[in-house]
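Q: Pasting a structure here, questions to come.
Numbering (our numbering), first residue to last: 3 to 836.
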């Protein structure tokens, strides 16, 4: 298992995999995967199966990887609580339910367990999000792409008339443009859910995510974000539910108020264009609503239309009075005449209900299928006796039936554990008001476990942080607004909190808000880390490099990014200045080109962090590099920690020469594995700043190969070095071969000897280090110096050895060089013959 997790970490970017899983949610919600043919074949929808599989796979990965973390231990405890609750819930709803007069409220153990499993998934999603720690760009990518896919599918399906009607399973007859030409369009032939499974849930989802779209439009101030918002509002109007058609108006107004609040109260920059964007969204949307067929929405001659017609209502009141008198006679006869057969009273009631329930605008599905009047005629007589104005829609009837069953069951434990989801599902009775339905199916404890803790507690925690810190974050306020929108919309619309199409995004928002709230305390404990980046003519790669630092899982507030522009002649300085303005990075500008050694030394002098990290301006770092290195060095009392480097170009990743040396190393000083000293690169490492300053370790200036003087001195002086065998730093191989390390010659070899001379003069070296220097020098000559210059290079090396070492080392160098030269010639001859 450990090997599998390790291989996954190295080969797969878990962050990106989960991001793609979230972006592909619209595909999982296609109506096709929920059709009767597909579900009858798989028993469940394949979308549901795949979602559960992916969520559990991600959760198990992090549970194993972070098994010692507090977060993982808390999740295990929470899942144990869910297990205990589930057992008690199943026992209560299966063993102690006696109100099944009609026989339709049958308990199904499989359905119940599957429902409880689905209701547990939001907690797992929150745990995954908390461990992934998405960057701002990741979050933006998820929401913008998901919203765009949902919205475009709905709009395109309307324009080309292949969308499924919101109120049925047929195809729409009218498209988006027809509403501007025909005022008599039937609402049911116009409203579309695109190709998705449920119109009301799509409407709730896009409405609740609208604050996020508007936020990105305000912050990024790009036309494309404005277009996305406009597309989202148009798609909501096309969905055609009351929630989708009208609730977006309140969302836009709320975001307008929030924008003005942050401008005038929090002193954010005011931009008239942003204000016009928001106002124009409102105006264009209202214009479309005024043309939309929903304004003429009617439901035939049923009880809803009757409730809206005052003349019909008066007529119903007269009929109701007459029918109530008949009911009173029946009841009086049954109570006065004791000799009358009880069955006659029953039959009279049944006959009366059968002949008159339509006059009371009670739908057949309720009285025949869900709660049969023949099994409990007294209940339906009591319903008929309720004034029409108090029961004028199906939701009220559903609520009255459910409450009656709850009272009939008369089990005090139902309040705590609920009567069971499967009973109401099997009876096709499901109240379209989230919260109320969960009281009856899950009980108060179930609501606390599955709704309050996952969705409401993160909101309360963020509010508590605001009260304590008195600091508002526009982005987090927007996310809270979005999550808060789901809850009332769920109460109005129903089928939201326990459906994957919506609660995946609710859980994502909860995880982000929770992470932000909890990270406030964690970030205050994190130490400042200084990242030093020398920059010279790297405009082509600099944005990528700096973005990889912006997107670190380690708090950006605790990263001191020091950029040293070495008199670049391209746009590198302008790019760096943008990051100074946007993220508060620091920038030093050299007045002339001085080389990377001087630039890095300036960075060391300027650094304030507990640890120092070096990054080259054309390279990339893993999003978790700083966090992983920091977590491993902080409590180890090490002077240096390093990760593996992976080189890359357009063809992909190629590994790095130092990998073989790092894999054999055990934590300790350099004597644990002397070959580690071949790992000269300064990148992918954290150095303790106090250790560097105490030992006066700097780069040898005005030379190439300045890494040698720094790294070898670190190795010689360090008491403890930690090596992590995972790739966290990515070194770019430039295609144009213009980088310093890819353009080697004899002059650079002379600089290499200067670095070695610097090391010899500033450190006490044993024979191992001296032999190593001789080996590396000869290797350099054989591999990197042109053949006709190798004799000259050897003279420089011999001169260095005679000056710094004894004659024995001179002899060793000569033997070493000639030995490898001899074998290289043999291989050359073989190659020529081939």
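All C-beta atoms, glycine included, are put in the ideal place defined by N, C-alpha and C.
On the DSSP bridge assignment, give the partners of residue 644 in chain order.
A: For residue 644, which the question treats as bridged, DSSP gives the partners 687, 725.
Q: Which of helix, strand or coil does DSSP assign to residue 107?
A: Reduced to three states, the DSSP call for residue 107 is coil.
Q: To the nearest angstrom, how far is it from the Cα of residue 608 to the Cα of residue 506?
A: Using only the alpha carbons, I get a separation of about 45 Å.
Q: In the DSSP assignment, the alpha helix (DSSP H) including residue 770 goes from what residue to what residue?
A: Looking at the DSSP string, the run of the alpha helix (DSSP H) that includes residue 770 is 769 to 786.
Q: Does the distance from the C-beta atom of residue 688 to that of residue 782 stay below 8 Å?
A: Result no, Cβ atoms of residue 688 and residue 782 do not sit closer than 8 Å.
Q: Out of curiosity, what's the CA-to-CA distance linking residue 445 and residue 90?
A: Going by the C-alpha atoms only, they are around 11 Å apart.
Q: For residue 509, which residues in the same chain have their Cβ closer than 6 Å to its Cβ, ignoring the five residues on either side in sequence?
A: Closer than 6 Å at the Cβ level, and outside the excluded window around residue 509, lie 124, 127, 128.
Q: Does the contact criterion of 3 or more C-beta pairs under 8 Å hold for the region 705 to 718 versus the region 620 to 640?
A: Segments in contact, no.
Q: In the structure shown, what three-state DSSP assignment does residue 487 receive?
A: Reduced to three states, the DSSP call for residue 487 is helix.
Q: Compute the Euclidean distance between the alpha carbons of residue 77 and residue 65, then round it to the nearest angstrom.
A: Cα to Cα, the separation comes out at about 9 Å.
Q: Report the rounded CA-to-CA distance for residue 291 versus residue 361, giving the unit in angstroms.
A: In a straight line, the C-alpha of residue 291 is about 34 Å away from that of residue 361.
Q: Using three-state DSSP, classify residue 617 as helix, strand or coil.
A: Note: residue 617 maps to coil in three-state DSSP.
Q: Run through the DSSP bridge pairs and tell me what residue 575 is partnered with.
A: Looking at the DSSP assignment, residue 575 forms no beta bridge with any residue, so it has no partner.
Q: Kindly give me the distance between the Cβ atoms of residue 212 and residue 234, rounded to whole angstroms, as I take these residues to be in contact under 8 Å.
A: Right, their Cβ atoms sit about 6 Å apart.
Q: For residue 679, tell me which candidate among 771, 603, 533, 767 has the shortest Cα-Cα distance.
A: Minimum Cα distance to residue 679 is reached at 771.
Q: On the three-pair Cβ rule with 8 Å, is the region 534 to 551 touching the region 615 to 627?
A: With a cut-off of 8 Å, the region 615 to 627 and the region 534 to 551 count as touching, because enough Cβ pairs lie within range.
Q: Quick check on the burial criterion: 16 or more other C-beta atoms within 10 angstroms. Buried or exposed for residue 207?
A: Burial call: buried.
Q: So, helix, strand or coil for residue 841, using DSSP?
A: Because the chain spans 3 through 836 in this model, residue 841 falls outside it and cannot be assessed.
Q: Does the distance from the C-beta atom of residue 574 to that of residue 545 stay below 8 Å?
A: Contact flag unset, no.
Q: Below 8 Å on the Cβ atoms is my guess for residue 232 versus residue 250; work out the distance and round it to an integer in Å.
A: Not a contact, Cβ separation roughly 11 Å.
Q: Unbroken alpha helix (DSSP H) runs of length 4 or more, entirely within the region 215 to 286: which are they?
A: If we require 4 residues or more, the alpha helix (DSSP H) runs fully inside the region 215 to 286 come out as 225 to 241, 244 to 266.
Q: List the whole-angstrom C-beta distance separating residue 634 from residue 732, where the pair is believed to meet the contact cut-off of C-beta under 8 Å.
A: 19 Å between Cβ atoms; not a contact.
Q: Which of helix, strand or coil does DSSP assign to residue 518?
A: Here residue 518 sits in helix by DSSP.
Q: Over what stretch of residues does the alpha helix (DSSP H) that includes residue 137 continue unbroken?
A: Element bounds for residue 137: n/a, residue is neither H nor E.
Q: For residue 227, tell me which candidate among 256, 275, 241, 191 has the shortest Cα-Cα distance.
A: The residue with the shortest Cα to Cα distance from residue 227 is 275.
Q: Which residues bound the beta strand (DSSP E) around residue 589?
A: Unbroken beta strand (DSSP E) run through residue 589: 588 to 591.
Q: Is residue 767 a contact residue of the ligand GTP, with contact defined as CB to any heavy atom under 7 Å?
A: What this structure holds is no ligand at all, so the ligand GTP is not there to describe.
Q: Could you have a look at residue 556 and say whether DSSP puts it in helix, strand or coil?
A: The answer is coil: DSSP assigns residue 556 none of H, G, I, E or B.
Q: Taking the alpha helix (DSSP H) that residue 403 falls in, what are its first and last residues?
A: Looking at the DSSP string, the run of the alpha helix (DSSP H) that includes residue 403 is 396 to 411.
Q: Can you look up residue 715 in the DSSP assignment and give me helix, strand or coil?
A: In this structure, residue 715 counts as helix in the three-state DSSP scheme.
Q: Is the region 695 to 707 touching the region 590 to 604, taking contact as three or more C-beta pairs under 8 Å?
A: Yes, the region 695 to 707 touches the region 590 to 604.
Q: Taking the straight line between their C-alpha atoms, what separation do you get for residue 347 and residue 416?
A: If I take the Cα positions, the gap works out to 33 Å.
Q: Cβ atoms of residue 199 and residue 31: under 8 Å apart, would you say?
A: The answer is yes: Cβ separation under 8 Å.
Q: On the DSSP letters alone, give me the boundaries of the alpha helix (DSSP H) that residue 295 sits inside.
A: It is not in any alpha helix (DSSP H) - residue 295 carries neither H nor E in the DSSP assignment.
Q: Taking the alpha helix (DSSP H) that residue 384 falls in, what are its first and last residues?
A: First-last of the alpha helix (DSSP H) with residue 384: 379 to 386.
Q: Just to confirm the assignment, what range does the alpha helix (DSSP H) spanning residue 601 have?
A: Unbroken alpha helix (DSSP H) run through residue 601: 598 to 608.
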